[in-house]
């Protein structure tokens, strides 16, 4: 990074205009040329500009500090919250007094990743937008982290197509580079596997996860290996390779119990339950779902709602209405304390099931058309449009109301055509 780039970056960091910086020293147009590397200014001019900014004229890369920042980033990536937070406070204090531009960029980049760790998405968005203003000054390494963290932001906010694009830009910078350790390579491949899974492209998801798994196995990283096996299982479910899916989940389960990782246990039992449900093994599926709940913390509202919804579905399918009623109540109880954009879908599910078990088909139909359809369309949940429409169609068919039945069968069929995921 040349001196002109550093001046431009520091000026933007301080919210200073070109007019403010150049006043009494040089013209705005000449400053612009300096910042864009289009001219070689005299040392005297550079000294005056740097003095106004409080920026050392000599570029000090502070290699050791950048190395420290990358160690901090590693701890963030490993989800070490307490240590990451302590180091964040330390480095924040350092950069409140220090104007070293290169180290500052790395701090701001890794700060974005830290904000994801503590789930401060609003501030992360602000930081991404702010640092994006100086992206034209980034070198290859800085761009790598910027694209990767932008991809993660898009993934976490449900913008999966954009996340894919950002990750592919990151991958291009990773290839043929010796800058990055193997754990970093694996972390990117796993993130890409997650993204392709959300985009319902199981083939590419499996390909990237297998790359990540190979690295994690060589590092004996049991936790990440277990996470890879879970994601592989999800991919195999989508390709209807159920034997491979179960094998992946069982392998993940062995690792989770070996580590006594409660979170992973809950996740694995839920996914096993989903697989068994697809194979019409309802009793076994219910056992796995109930086991999953035993391992899910009460604070994990979203995870518990997901499993409770699955239990509601299974009990409804086998006609155990009272059990179904019980789990609807459990779900609504959680929602009474945790209703937000992430949990709204479960409110719709439980309300629809509540109408069904009480044979309130008029209310069911009205609520489905008013709330359910719009929500499921917005989030492209064709599987649920098909499922709940099919319930209505069968109800009208049994009541010999064939016109209404035909209408809802048509909706179910159209949704099924769009459906590229397995319910």
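Residue numbers (the UniProt record's numbering): 1 to 423.
C-beta atoms are modelled at their ideal positions from N, C-alpha and C, and glycine is treated no differently.
Please go through the same chain and pick out, in chain order, the residues whose beta-carbon is closer than 7 Å to the beta-carbon of residue i, but skip the five residues on each side of it.
| i | result |
| --- | --- |
| residue 112 | 124, 127, 128 and 149 |
| residue 338 | 301 |
| residue 162 | 154 |
| residue 373 | 385 |
| residue 108 | 127 and 131 |
| residue 225 | 213, 216, 217 and 255 |
| residue 26 | 45 |
| residue 317 | 282 |
| residue 367 | 351, 352 and 355 |
| residue 34 | 4, 7 and 41 |
| residue 417 | none |
| residue 327 | 308, 311, 312 and 315 |
| residue 68 | none |
| residue 415 | 382, 385, 386 and 389 |
| residue 429 | There is simply no residue 429 to check, as the chain begins at 1 and stops at 423 in what is shown. |
Excluding the five sequence neighbours on either side, which residues of its own chain have a C-beta within less than 8 Å of the C-beta of residue i, listed in chain order?
| i | result |
| --- | --- |
| residue 288 | 269, 270, 272, 273 and 276 |
| residue 74 | 183 |
| residue 37 | 2, 4 and 5 |
Any idea what DSSP makes of residue i, helix, strand or coil?
| i | result |
| --- | --- |
| residue 157 | coil |
| residue 38 | coil |
| residue 138 | coil |
| residue 108 | helix |
| residue 319 | coil |
| residue 432 | Because residue 432 is not part of the residues shown, which for the chain are 1 to 423, the question remains open. |
| residue 56 | coil |
| residue 348 | helix |
| residue 216 | helix |
| residue 182 | helix |
| residue 123 | helix |
| residue 25 | coil |
| residue 93 | helix |
| residue 421 | Confidence is the limiting factor: at residue 421 the pLDDT is only 41, short of 50, which leaves the residue's position unreliable, though a coordinate-based value still follows. Residue state, collapsed to three classes: coil. |
| residue 195 | helix |
| residue 343 | coil |
| residue 61 | Low local confidence applies: a pLDDT of 48 at residue 61 is under 50, so the model's placement there is unreliable, and no value is given. |
| residue 79 | coil |
| residue 337 | coil |
| residue 118 | coil |
| residue 175 | coil |
| residue 307 | helix |
| residue 300 | coil |
| residue 14 | coil |
| residue 187 | helix |
| residue 354 | helix |
| residue 200 | coil |
Using a Cβ-based criterion (distance less than 7 Å to any ligand heavy atom), does residue i qualify as near the ligand ATP?
| i | result |
| --- | --- |
| residue 236 | Ligands are entirely absent from the displayed structure, and the ligand ATP is therefore not among its contents. |
For residue i, which residues of its own chain have a beta-carbon under 6 Å away from its beta-carbon, when the five flanking residues on both sides are left out?
| i | result |
| --- | --- |
| residue 198 | 160 |
| residue 11 | 21 |
| residue 6 | 101 |
| residue 460 | Past the edges of the chain, shown from 1 to 423, lies residue 460, and the structure says nothing about it. |
| residue 315 | 323 and 324 |
| residue 164 | 195 |
| residue 347 | 335 |
| residue 361 | 395 |
| residue 411 | 389 |
| residue 284 | 276 |
| residue 91 | 107 |
Worksheet item: Which runs of the alpha helix (DSSP H), 4 residues or longer, sit entirely within the region 357-417?
Response: 361-367, 373-378 and 382-398
Practice prompt. Mind the definition here: the region 226-235 touches the region 247-266 only if three or more C-beta pairs lie below 8 Å; say whether that holds.
Written response: Inter-segment contact for the region 226-235 and the region 247-266 is present: three or more beta-carbon pairs are separated by less than 8 Å.
Discussion item. Three Cβ pairs or more, each shorter than 8 Å: is that satisfied between the region 34-47 and the region 169-178?
Written reply: no
Discussion item. Across the region 183-193 and the region 206-217, are there enough close Cβ pairs to call them in contact, namely three or more that are closer than 8 Å?
Written reply: yes
Worksheet item: Does the count of Cβ pairs from the region 132-143 and the region 114-122 closer than 8 Å reach three?
Response: no
Worksheet entry | Inside the region 236-268 only - alpha helix (DSSP H) runs reaching at least 4 residues | 242-259
Fill in: Inter-stretch contact (C-beta, 8 Å, three-pair minimum) for the region 256-266 and the region 235-245
Contact between the region 256-266 and the region 235-245 is absent, because fewer than three Cβ pairs lie under 8 Å.
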